[in-house]
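Everything in the sequence shown is counted per this note's numbering, starting at 2 for the first residue and increasing by one.
All C-beta atoms in this analysis are idealised placements derived from N, C-alpha and C, irrespective of residue type, glycine included.
Since the structure comes first, as structure tokens, the remarks are kept for the end.
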Amino acid sequence: IYSIEDLAQLIYDLKQINPDAKVCVKLVARSGIGTIAAGVAKANADIILVSGHNGGTGASPLSSIMHTGTPWELGLAETQAVLVMNKLRDRIKIQVDGQIKTGRDVIIAALLGAEEFGFATTALVTMGCVMMRKCHLNTCPVGIATQNPELRKHFKGRAEHVICFLLFLAREVREYMAEIGFKHFDELIGRVDLLEVDKAIGHDKTENLDFSRLLQKPEIPKGGTLRCIRKRKRDLSRLIDLDLIKEAGPALKNGKKVEIEKELRNCHRSVGAALSAEVSRAHGSRGLPDNSIRVRMRGSAGQSFGAFLAPGITFELEGETNDYLAKGLSGGRVI
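Written out as structure tokens, the structure reads:
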């Protein structure tokens, strides 16, 4: 992915296959993340994941674990501020992760603007992980990240362990909410004005740090919000696949061969993606017999022509295409 436009097209492709899917874009916490987050929101993603520098799989190189990104608090604060000030916050949720362990962490993240929270290391620890950082070597001594039958016998984790941890975590969050004076979690989101620096903590390395920008509440423009409040609507006005699915009905339902002719314009994007999804839903990954659905088209196709084309679908185009021709071809044919 080289640009926001490429990301927007990828999200559009995925939404054609499953309109109900939630697309989450992960961004590492760093300076300038707000500008990227604004582009992601305009690209019609559903969730932005701000990932802090502390997290990461045990299979990562030590240099990546220790020297990638910044604390999630910095990235989250900038992301929230930019989205709010540009009236984009109402259309997208913010998720955060990176060594979030306690209810206090959840409360701070919510006050900085997050609505969802990721727990990975702590959940693994409750299942018995001892953080040996050998996830990629097949030698995990507690049987979590290994395919070795002998080592897998050492695994003692149970689902109840994770459930118990999350229940206690939720209880701690509720206790903090009661202490602050809130009944509903949504009321916490974006209330950065409730955070303040603990001046009682004195240290030579921290006494000159300035947290004013981190704790500055963004100016809310008219019509703006501090959290996501609306669902995205799917634009079907230019989706030619709706016609293709209708005309291919005999093939989808009864396996009869059909031939279709269509005129294309460059505004017709991801042609075939939704049709392929219908084939997969009806007939699984094997799809249909060869040439069950044959579509002859003329004109200039938009991006992602023939994307993810399923077995049994043949596209014949007399004309030209744009980017991502036959992207993710999955058994279909493009001529």
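Alpha carbon of residue i to alpha carbon of residue j, nearest angstrom
i	j	result
K43	K328	23 Å
T147	N45	38 Å
G203	D14	52 Å
K23	Q17	12 Å
I5	D205	42 Å
P62	H269	43 Å
L138	E248	52 Å
V131	D91	40 Å
K135	E197	39 Å
A308	I12	13 Å
I37	P150	44 Å
Q81	E321	42 Å
A275	H284	14 Å
V272	E260	16 Å
F306	R231	31 Å
L210	H68	21 Å
R185	G332	Reading off the sequence, residue 185 comes out as His, not Arg. Going by the C-alpha atoms only, they are around 49 Å apart.
Other residues of its chain near residue i: CB distance less than 6 Å, five sequence neighbours each side excluded
i	result
L330	L310
R297	E262 and E317
Q304	Q10, R270, N323, D324 and Y325
T226	R90 and D91
L50	C25, K27 and Q96
F166	T127
K257	P251
L170	G104
R31	G70 and T71
P20	R235
I336	E317
R334	T315
Close beta carbons around residue i, own chain, < 8 Å, minus the five adjacent residues each side
i	result
A39	V83, L84, N87 and L89
T122	G56, Q100, K102, C130 and M132
V41	I5, L8, V26, L28, I49 and I93
V163	A124, T127 and M128
Sequence-distant residues of the same chain with beta carbon closer than 7 Å to residue i, five excluded per side
i	result
E173	T103 and G104
G144	L152, R153, K154, H155 and F156
A115	L77, I95, Q96 and V97
Y177	G104, R105 and I108
G300	E264, L265, R266 and G320
L113	E74, L77, A78, Q81 and V193
Buried versus exposed, by CB contacts within 10 Å (16 or more), residue i
i	result
R228	buried
Y325	buried
E79	buried
R235	exposed
I93	buried
T140	exposed
G182	exposed
A60	exposed
G224	exposed
A302	buried
S65	exposed
I34	buried
S293	buried
A201	exposed
F212	exposed
Residue(s) in a DSSP beta bridge with residue i
i	result
L50	K27 and Q96
F169	Beta-bridge pairing links F169 to no other residue.
I18	DSSP, once it has assigned bridges, lists no residue as partnering I18.
M298	K263 and L318
F118	V97
V335	F316
Worksheet entry | contact_flag[the segment 154-174, the segment 72-86] where n(CB pairs < 8 Å) is 3 or more | With a cut-off of 8 Å, the segment 72-86 and the segment 154-174 do not count as touching, because too few Cβ pairs lie within range.
Discussion item. Across the segment 289-306 and the segment 243-261, are there enough close Cβ pairs to call them in contact, namely three or more that are closer than 8 Å?
Written reply: yes
Worksheet item: Does the count of Cβ pairs from the segment 186-198 and the segment 216-230 closer than 8 Å reach three?
Response: yes
Worksheet item: If you pair each beta-carbon of the segment 52-71 with each one of the segment 89-100, do three or more pairs fall below 8 Å?
Response: yes
Item to complete: Take every Cβ of the segment 275-282, pair it with every Cβ of the segment 239-246, and state whether three or more of those distances are shorter than 8 Å.
Response: Because the criterion of three Cβ pairs below 8 Å is met, the segment 275-282 and the segment 239-246 touch.
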